[in-house]
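2 protein chains.
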Amino acid sequence: MPKQLTVLDAEVCCAPLATAAVPADAAADVAAAFKAMGDPVRLQLLSMITSAAAGEICVCDLTPAFELTGPTISHHLKVLREAGLVESDRRGTWVWYRANRSRLAALSAVLDVTPAD
Amino acid sequence: MPKQLTVLDAEVCCAPLATAAVPADAAADVAAAFKAMGDPVRLQLLSMITSAAAGEICVCDLTPAFELTGPTISHHLKVLREAGLVESDRRGTWVWYRANRSRLAALSAVLDVTPAD
DNA sequence: GTGCTGAGTTGACAGATGTCTAAGTAGGCG
DNA sequence: CGCCTACTTAGACATCTGTCAACTCAGCAC
């Protein structure tokens, strides 16, 4: 029994925060994504993955960027994966991570407040 | 000795996640904001405050929307305040909350991935 | 003043979270 | 096959977090 469902379909509903009160079920999904980004290490990992020149990046390039052990980095990557923010793919010896850009875009839209003059 | 500084000046630096790797100090600030939004109750509170018709909303209108005690709502509002996401203002008997829209806009920009084709 | 009501603070406690070490799995190479 | 490297999983542990009950503070009315 998983303590938290993996967000495979990246719901992230839609309506910007500022437009209308977010219903509870949508809030749970969006909050889960923000929670995953709520750790400095994970935010940096997500940034490194999202901004990777090749569109993806190897764990072996992520780990040495932090003064943390491999298992700890692996744990943070798992959290990002379960939040639907990144996807991973093993090719031979190495594992490559890439960002789920549509989910990032949806989250960005939720925070959008531009209509304010 | 506060365990965490209050983010008064709403740093939130600038460069979108996808543009370049976020430096550690900026990541700490942005992550703190996302962390505050990483709880479903707080996200709904933020949404109710941001979407309030009058631009602000009374705590007395927030509390009954949840099956939680007053102190718990008060705690969540404090977290949102310390993250620089909302501001409060006591007028007479009631306390009014309004959103810090510039900070929300900055966070939205951090997640922006539009340049992707 | 006393009393009432809205909101915040304090202290306590169960449960979640970040980190590590140790062990396990997957793939390449000799 | 064995061995090495890259990564993940499992357990343990200290810290942090969300919640509540009890209390305090601020403002209004009498």
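Protein chains in written order, with the UniProt record's numbering: chain U, 1 to 117; chain F, 1 to 117.
All residues carry an ideal CB built from backbone N, CA and C; glycine is no exception.
> What is the DSSP secondary structure of F:D89, counted as helix, strand or coil?
Replying inline: Residue mapping note: residue 89 of chain F aligns to position 89 of the second sequence, counting from 1. If DSSP states are grouped into helix, strand and coil, F:D89 belongs with the strands.
> Since U:R98 contacts U:E87 with CB under 8 Å, what's their CB separation in whole angstroms?
Replying inline: In the first sequence, counting from the first residue as 1, residue 98 of chain U sits at position 98. In the first sequence, counting from the first residue as 1, residue 87 of chain U sits at position 87. Contact check for U:R98 and U:E87: beta-carbon distance about 6 Å, within the 8 Å limit, so the pair qualifies.
> Any beta-carbon of chain U closer than 8 Å to the one on F:R98?
Replying inline: Translated into the one-based positions of the second sequence, residue 98 of chain F becomes position 98. No, because no Cβ of chain U sits closer than 8 Å to the Cβ of F:R98.
> With a cut-off of 8 Å, do at least 3 Cβ pairs link the region 75-89 of chain U to the region 43-54 of chain F?
Replying inline: With the cut-off at 8 Å, the region 75-89 of chain U and the region 43-54 of chain F do not touch.
> Going by other Cβ atoms of all chains shown within 10 Å of its Cβ, with 16 needed for buried, is F:W96 buried or exposed?
Replying inline: The sequence position of residue 96 of chain F within the second sequence is 96, counting from 1. F:W96 counts as buried, since at least 16 other C-beta atoms from the protein chains shown sit within 10 angstroms of its C-beta.
> Considering U:V79, what are the terminal residues of the alpha helix (DSSP H) in which it resides?
Replying inline: Taking the first sequence and counting its residues from 1, one reaches residue 79 of chain U at position 79. U:V79 -> alpha helix (DSSP H) spans G70 to E82.
>> Once the 5 residues before and after F:T19 are set aside, which same chain residues still bring their CB inside 7 Å of it?
In response: Against the second sequence, residue 19 of chain F aligns to sequence position 19. Closer than 7 Å at the Cβ level, and outside the excluded window around F:T19, lies no residue.
>> Does U:A33 come out as helix, strand or coil in the three-state DSSP assignment?
In response: Within the first sequence, numbered from 1, the residue matching residue 33 of chain U stands at position 33. U:A33: helix per DSSP, three-state reduction.
> For F:A31, which of U:F34, U:D29 and U:V30 has the nearest alpha-carbon?
Replying inline: Walking along the second sequence from the start, residue 31 of chain F turns up at place 31. Selected option, being the one with the closest Cα: U:F34.
> F:V113 and U:L104: beta carbons closer than 8 Å?
Replying inline: Stepping through the second sequence from its first residue, residue 113 of chain F is reached at position 113. Stepping through the first sequence from its first residue, residue 104 of chain U is reached at position 104. Cβ atoms of F:V113 and U:L104: closer than 8 Å.
>> Run through the DSSP bridge pairs and tell me what F:R98 is partnered with.
In response: Against the second sequence, residue 98 of chain F aligns to sequence position 98. Paired residue(s): F:E87.
>> Once the 5 residues before and after F:Q44 are set aside, which same chain residues still bring their CB inside 8 Å of it?
In response: By 1-based counting over the second sequence, the position of residue 44 of chain F is 44. The answer, listed in chain order, is A65 and F66.
>> Let me confirm a value: U:A106 is counted as buried when at least 16 other C-beta atoms fall within 10 Å, else exposed. Which label applies?
In response: To locate residue 106 of chain U, count along the first sequence from 1; it is residue 106. Counting Cβ neighbours within 10 Å, U:A106 comes out buried, since at least 16 surround it.
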